[in-house]
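The structure appears below as structure tokens.
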Amino acid sequence: MDKREWNKSNRLGGIRFFLYILLAIEFWMIIYLFFCFRYAGPLSRLGFMFPIPFFSVEDCWMDFINPIHYAWELDPYSAYWGNSPPFMMWIAYLLSWPIKIGIPEYVVYLIYYLLGISVSLYFFFRVSNKYGLNFGESLILSVTAVISFPYIYCFDRGNYVFLAAVAIIIFICAYDEERYFLAAFFLGIAAALKLYPALLGIVFLVDKKFKQAFFCAATGIVTSITPLFLFQGGFQRNLNVFFEKSGSYTKIGNGILGWLVDDKNSFYQLLLVPRMMGKTPLQDITQVPEYVASLKLCLTVLLMFTVLSCSFLNKKHDRFLILIMMMLGYPIESGVYNLVIAVFPIIYWCSQESENRIIPCLGGALIMMKSVFVLQFEPVYITLQAIANPLLELAIIIYIYYLRRKSLISNFMSFCRWLRKEKKGKRMEC
Numbered sequence: 018m019d020k021r022e023w024n025k026s027n028r029l030g031g032i033r034f035f036l037y038i039l040l041a042i043e044f045w046m047i048i049y050l051f052f053c054f055r056y057a058g059p060l061s062r063l064g065f066m067f068p069i070p071f072f073s074v075e076d077c078w079m080d081f082i083n084p085i086h087y088a089w090e091l092d093p094y095s096a097y098w099g100n101s102p103p104f105m106m107w108i109a110y111l112l113s114w115p116i117k118i119g120i121p122e123y124v125v126y127l128i129y130y131l132l133g134i135s136v137s138l139y140f141f142f143r144v145s146n147k148y149g150l151n152f153g154e155s156l157i158l159s160v161t162a163v164i165s166f167p168y169i170y171c172f173d174r175g176n177y178v179f180l181a182a183v184a185i186i187i188f189i190c191a192y193d194e195e196r197y198f199l200a201a202f203f204l205g206i207a208a209a210l211k212l213y214p215a216l217l218g219i220v221f222l223v224d225k226k227f228k229q230a231f232f233c234a235a236t237g238i239v240t241s242i243t244p245l246f247l248f249q250g251g252f253q254r255n256l257n258v259f260f261e262k263s264g265s266y267t268k269i270g271n272g273i274l275g276w277l278v279d280d281k282n283s284f285y286q287l288l289l290v291p292r293m294m295g296k297t298p299l300q301d302i303t304q305v306p307e308y309v310a311s312l313k314l315c316l317t318v319l320l321m322f323t324v325l326s327c328s329f330l331n332k333k334h335d336r337f338l339i340l341i342m343m344m345l346g347y348p349i350e351s352g353v354y355n356l357v358i359a360v361f362p363i364i365y366w367c368s369q370e371s372e373n374r375i376i377p378c379l380g381g382a383l384i385m386m387k388s389v390f391v392l393q394f395e396p397v398y399i400t401l402q403a404i405a406n407p408l409l410e411l412a413i414i415i416y417i418y419y420l421r422r423k424s425l426i427s428n429f430m431s432f433c434r435w436l437r438k439e440k441k442g443k444r445m446e447c
């Protein structure tokens with residue numbers, strides 16, 4: 018067996034194990050939904066509760082449709098909720114044109130979503146087949162991945178994070194194949210759509226791909242700024258309104274604490290959920306408490322530490338997964354539909370590790386449908402998702418640091434020695 022064949026067979030362990038976990042959580046979701054929709058009526062009369070893990074019919078696809086209505090007349094920031102990035106609003110405006118000529122909204126949405134699913138399927142298959150699985154296994158993994166809970170939930174919500182997730186998939190695959198300018202372009206697009214993917218740009222700096230880092234930043238900035246010139250009212254007016262609305266929405270609290278406690282991925286949930294459990298009068302907790310503001314400072318320090326630590330991680334799949342976990346946990350308003358961005362990085366990590374069983378378990382638990390386990394109905398609806406997701410994200414980050422502890426310490430000590438030599442050299446020159 019040559020080296021290439023040995024490496025391929027040696028990688029079968031991690032990704033195949035994750036395939037089994039993915040099939041198991043898929044089976045759980047199908048069984049639950051079968052009982053939920055087939056037997057909910059009869060069993061509810063016997064006292065059984067079946068929480069629906071998706072949105073109401075009236076609210077379905079609204080994150081896709083509402084921005085289209087906001088951007089309909091090229092004036093998205095006049096709308097009450099017009100706080101999305103300019104490039105996302107520009108995409109919404111482009112998607113409004115088929116609707117203007119008479120194509121139904123749901124048809125436009127289904128075409129948009131099926132195109133994204135097709136791209137996702139292709140890259141899921143490509144990576145899993147490249148790093149160990151045979152044709153049949155790769156096909157099963159690809160299909161189960163795109164009908165997993167994060168994909169279905171994101172489809173139900175219609176959020177444009179789905180488009181950012183597809184761009185991140187292409188970025189990771191292009192980076193894996195050392196096509197760095199292509200990777201930089203798609204990461205710039207993802208960052209222009211949802212801002213937080215810009216965190217992934219640190220990998221270019223770590224690998225000293227400075228030209229690609231500049232190209233990535235330029236792509237993100239140009240695609241973010243250009244629509245502001247094209248919207249009604251001009252650049253300055255749109256920029257001011259966008260910052261005003263996004264600032265009021267992303268600051269600590271947007272009016273009601275309960276709005277921030279739901280099916281979220283945010284690390285803030287670990288303090289917000291215990292505060293809301295068992296509460297009755299909402300008027301006492303309408304403002305997010307000061308200790309959450311302190312937590313934001315702590316999480317910002319954690320974010321900076323995570324970004325800097327990427328310099329001491331040797332493996333790119335570790336960097337990708339850690340940064341993705343921070344992207345899920347750091348924003349205070351991080352809906353469960355954002356989980357769609359985590360599916361491919363987890364599969365990519367498993368494809369690179371031969372015998373690891375921990376990350377497949379943690380990753381599988383993260384993307385599993387947990388919203389059906391209700392912890393509290395009133396005054397605020399809280400599910401297991403709200404606590405389990407941030408804990409699992411932290412567990413993945415901590416475990417990767419634990420797994421790479423020797424190389425992290427070694428690289429850090431090497432950096433310190435290099436720093437001392439540099440300082441000594443400068444003193445001798447003086």
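Quick note: the sequence shown, position 308, residue 325 per my numbering, numbers continuous. Cβ coordinates follow ideal geometry from the N, Cα and C atoms, glycine included.
For the segment 366-416, the continuous beta strand (DSSP E) assignments of 3+ residues that do not extend past its boundaries occur at 391-393, in sequence order.
The DSSP-derived three-state label of residue 332 is coil. Considered as a whole, the segment 78-156 harbours 79-87, 103-117, 122-147 as its complete alpha helix (DSSP H) runs of no fewer than 4 residues, in chain order. Setting aside the 5 residues that flank it on each side, residue 217 is surrounded in the same chain by 204, 340, each with a C-beta closer than 6 Å to its C-beta; the list follows chain order.
With respect to the 8 Å criterion, residue 245 and residue 103 are classified as neighbours on the basis of their beta carbons.
Taking the Cβ atoms as the reference, residue 281 lies roughly 6 Å from residue 352, within the contact range of under 8 Å. Between residue 436 and residue 367, the alpha-carbon positions lie close to 35 Å from each other.
The way I'd put it, the segment 111-128 doesn't touch the segment 188-201; fewer than three beta-carbon pairs between them come closer than 8 Å. In the structure shown, residue 250 falls within a coil segment according to DSSP collapsed to helix, strand and coil. The residue from 152, 79, 200, 110 with its alpha-carbon nearest to that of residue 175 is 79. For residue 383, same chain residues with a beta-carbon under 6 Å away, outside a window of 5 residues either side, are 409 in chain order. Nearest to residue 429 by C-alpha distance, out of 402, 333, 328, 358, is 328. For the pair residue 139 and residue 170, the Cα-to-Cα distance works out to about 21 Å.
By the beta-carbon neighbour count (other beta carbons within 10 angstroms, threshold 16), residue 438 is exposed. Taking 8 Å as the cut-off, the Cβ atoms of residue 285 and residue 312 count as close. Spatial neighbours of residue 237 in its own chain (CB-CB distance under 7 Å, excluding positions within 5 residues in sequence) are listed in chain order as 205, 208, 209, 215. In the structure shown, residue 225 falls within a coil segment according to DSSP collapsed to helix, strand and coil. Its chain contains 344 as the residues whose beta carbon lies nearer than 6 Å to that of residue 213, once the 5 sequence neighbours on both sides are disregarded; these appear in chain order.
A contact between stretches requires three or more CB pairs, one per stretch, nearer than 8 Å, and the segment 355-374 meets this requirement with the segment 157-168. Cβ neighbours of residue 355 within its own chain (closer than 7 Å, five residues either side excluded): 178, 282, 345. Distance from the CA atom of residue 110 to the CA atom of residue 325, rounded to whole angstroms, is 38 Å. Inter-residue distance for residue 112 and residue 432 is about 49 Å (C-alpha atoms, whole angstroms).
Closest in C-alpha terms to residue 101, from the list 74, 185, 211, comes 211.
The beta-bridge partner set that DSSP reports for residue 352 consists of 281. Nearest Cα to residue 338 within the set 412, 93, 157: 412.
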